[in-house]
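Report on the following structure.
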Amino acid sequence: MLAGAPENLVVDFTRAMSVKKDLLVEWSRQRGCPRELDLQNFARSLERFYGRFGFPDKFNACMDTFRIAVNKKYGKGSDFGKSLRSISEFRVFPHAAWENTEGVSITILAILKEPENREVRDVEVIRKELNDQASKISWSEPFSPSDPVLRIATLHELSAAEYINTYPLELNALSFAKRYREEG
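This note's numbering puts the first residue of the sequence shown at 89, with every later residue one more than the last.
So this is what it looks like as structure tokens:
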């Protein structure tokens, strides 16, 4: 939901259209997001959806069970659902180049929200719930789980290098590119 957007407004960013400049000049400019934070969140969601890293198809297939579990349970009142809502984002660290045919071990990084914004305060409960789901991932060559496969941290606990050297794992859009390619 975009903060500041009028009710019943729908925008489809997968479709493009042209608008003549002389028509644009006639329109009065309106700021869509009332606060800077809302604008940043909107920009990040667009970046995650359209600017995300294109994972190899085999990796996407490996992540299917995890992605389905996350999407199915995110809104639920279970410990897993609450744990998911205590995570600000998932990221992935490949311990070798993605195209390495000899093997790429993977660490999933779960970045926690600030404590006051978590539905589950106990990090060990979050770790147990996420590890239970991560253990169900069906890995196929060249991808395999690192030991441990899951790392849980706050942004404050990560170095800039640790964050930059990981890739955002947008679980809502993991299969978007494949689906879009098939429809187009």
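The beta-carbon is built from N, C-alpha and C at its ideal position, and this holds for glycine as well.
Buried or exposed, going by whether 16 or more other CB atoms sit within 10 Å of the CB of residue 198? Position 110 of the sequence shown, counted from the first residue, corresponds to residue 198. By the neighbour-count rule (16 or more Cβ atoms within 10 Å), residue 198 is buried.
Please classify residue 208 as buried or exposed, where buried requires at least 16 other C-beta atoms within 10 Å of its C-beta. As a working note, residue 208 is residue 120 in the sequence shown. Buried, since its Cβ has 16 or more Cβ neighbours within 10 Å.
Quick check: the region 228-247 against the region 190-206, are there 3 or more CB pairs under 8 Å? yes
From the DSSP secondary-structure annotation, give me the bridge partner or partners of residue 93. Numbered from its first residue, the sequence shown carries residue 93 at position 5. None, per the DSSP bridge assignment.
Would residue 218 be called buried (16 or more neighbouring beta carbons within 10 Å of its own) or exposed? Locating residue 218 in the sequence shown gives position 130, counting from the first residue. Buried, because 16 or more other Cβ atoms sit within 10 Å of the Cβ of residue 218.
For residue 155 and residue 238, which I take to be in contact (beta-carbon distance under 8 Å), what is that distance rounded to the nearest angstrom? Translated into the one-based positions of the sequence shown, residue 155 becomes position 67. Translated into the one-based positions of the sequence shown, residue 238 becomes position 150. Actually they are not in contact, since the Cβ atoms of residue 155 and residue 238 sit about 15 Å apart, beyond 8 Å.
Member of 211, 130, 153 and 133 whose CA lies at the smallest distance from the CA of residue 222: For the purposes of this step, residue 222 is taken as the residue at position 134 of the sequence shown. Nearest C-alpha to residue 222: 153.
Closest Cα partner of residue 129 within the set 91, 159 and 193: Working through the sequence shown from its first residue, we reach residue 129 at position 41. Residue 129 has its Cα closest to that of 91, out of 91, 159 and 193.
What span of residues does the beta strand (DSSP E) with residue 153 cover, start to end? Within the sequence shown, numbered from 1, the residue matching residue 153 stands at position 65. First-last for residue 153: 152-161, but that is the alpha helix (DSSP H), not the beta strand (DSSP E).
Residue 207 (DSSP reduced to helix, strand or coil): Residue mapping note: residue 207 aligns to position 119 of the sequence shown, counting from 1. Residue 207 falls in the coil class under three-state DSSP.
Return the CA-CA distance between residue 271 and residue 149, expressed in angstroms with no decimal places. For the purposes of this step, residue 271 is taken as residue 183 along the sequence shown, with counting starting at 1. For the purposes of this step, residue 149 is taken as residue 61 along the sequence shown, with counting starting at 1. With a pLDDT of only 43 at residue 271, under 50, the local geometry of the prediction cannot be trusted, and no value is derived from it.
DSSP-derived helix/strand/coil call for residue 167: Within the sequence shown, numbered from 1, the residue matching residue 167 stands at position 79. DSSP places residue 167 in helix when its eight states are reduced to three.
First and last residue of the alpha helix (DSSP H) that includes residue 113? As a working note, residue 113 is residue 25 in the sequence shown. Start and end: 109-114.
Candidates 186, 220, 175 and 189: which alpha carbon is nearest residue 204's? The residue labelled residue 204 in the question sits at position 116 within the sequence shown. When each option's Cα is compared against that of residue 204, the closest is 175.
Backbone CA spacing between residue 296 and residue 117 [nearest angstrom]: Residue 296 lies beyond the residue range present for the chain, which begins at 89 and ends at 272; the question has no answer from this structure.
Contacts around residue 264, its chain only, beta-carbon distance under 6 Å, and the 5 residues preceding and following it disregarded: Taking the first residue of the sequence shown as 1, we reach residue 264 at position 176. In this predicted model, residue 264 has a pLDDT of only 38, less than 50, meaning its place in the structure is not dependable; the value taken from the coordinates is given anyway. Cβ neighbours of residue 264 beyond the five flanking positions: none.
Start-to-end residues for the beta strand (DSSP E) that takes in residue 198: Within the sequence shown, residue 198 is the residue found at index 110, counting from 1. Residues 192-200.
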